[in-house]
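Counted from 1, the sequence shown has number 108 at position 83 by my numbering; the numbering is strictly sequential. Just so it is clear, CB atoms sit at the ideal spot from N, CA and C, and this is done for glycine as well.
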Amino acid sequence: MTVQLPPDPRLKSPSHYNQEDVITVVTEFYRFLTTLVFYEPADILYPPPEGWPQVREKLAPWHKTDEVVELLRHLPYLDSRLGIWKIIPWSRPCDYISRDLRFNNPVTQFPPWVINLTKSSRIGVNLMLDTSDESIWRNIWSDDYSGHT
Numbered sequence: 026m027t028v029q030l031p032p033d034p035r036l037k038s039p040s041h042y043n044q045e046d047v048i049t050v051v052t053e054f055y056r057f058l059t060t061l062v063f064y065e066p067a068d069i070l071y072p073p074p075e076g077w078p079q080v081r082e083k084l085a086p087w088h089k090t091d092e093v094v095e096l097l098r099h100l101p102y103l104d105s106r107l108g109i110w111k112i113i114p115w116s117r118p119c120d121y122i123s124r125d126l127r128f129n130n131p132v133t134q135f136p137p138w139v140i141n142l143t144k145s146s147r148i149g150v151n152l153m154l155d156t157s158d159e160s161i162w163r164n165i166w167s168d169d170y171s172g173h174t
């Protein structure tokens with residue numbers, strides 16, 4: 026299902042979102058984490074050339090844009106079986122290839138062009154990627170999209 030978005034009123038010109046740029050930044054960040062104590066290079070799960078096949082089906086209930094789905098299909102992920110490690114205080118990296126998508130609760134749904142990069146408990150921070158302008162912002166538990174900082 027293709028979701029057509031109205032122009033983002035925050036932007037003065039159309040977005041120049043670049044999927045490869047986002048993939049590169051996330052990949053480099055995960056590789057940096059392997060230089061610290063917690064993660065090993067083998068903990069980074071890289072997608073097959075055609076992308077993770079299960080992502081499209083797993084995200085269907087949340088009606089994300091094709092752009093978001095394609096990004097998530099081609100991102101690397103940190104192995105969620107290692108879920109004890111946090112990448113920022115009280116927040117773990119999202120793993121859209123796992124069997125469990127509990128972190129993406131339809132009750133606290135964001136617009137179709139916004140995705141979680143991290144998941145947290147009530148005291149943590151969710152880092153959100155807005156593909157309309159390539160911004161990353163933090164969301165501290167709020168029931169609506171307007172509550173981001």
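Check	Outcome
Strand pairing of K144, partner residues [DSSP]	R117
Cβ neighbours of S146 in the same chain (closer than 7 Å, five flanking residues each side left out)	W115
Coil, strand or helix - W87 by DSSP	helix
C-alpha gap between N151 and N164, whole angstroms	5 Å
Beta-carbon separation (whole angstroms), H99 vs I48, contact threshold 8 Å	6 Å
Spatial distance of F57 from L142 (CA atoms)	16 Å
Rounded distance between the beta-carbons of Y121 and K83, thought under 8 Å	7 Å
Distance, P86 Cα to P101 Cα	22 Å
Residues near V80 by beta carbon distance below 7 Å, same chain, minus five either side	V94, L97, R98, Y121 and I122
Opposing strand residues paired with D155 [DSSP bridges]	V139 and S160
Q44, DSSP secondary structure in three states	helix
Option nearest W138 by Cα separation, candidates E75, V50, P66 and D158	D158
Residues near Y55 in its chain [Cβ-Cβ closer than 7 Å; skip 5 each side]	I69, P101 and L103
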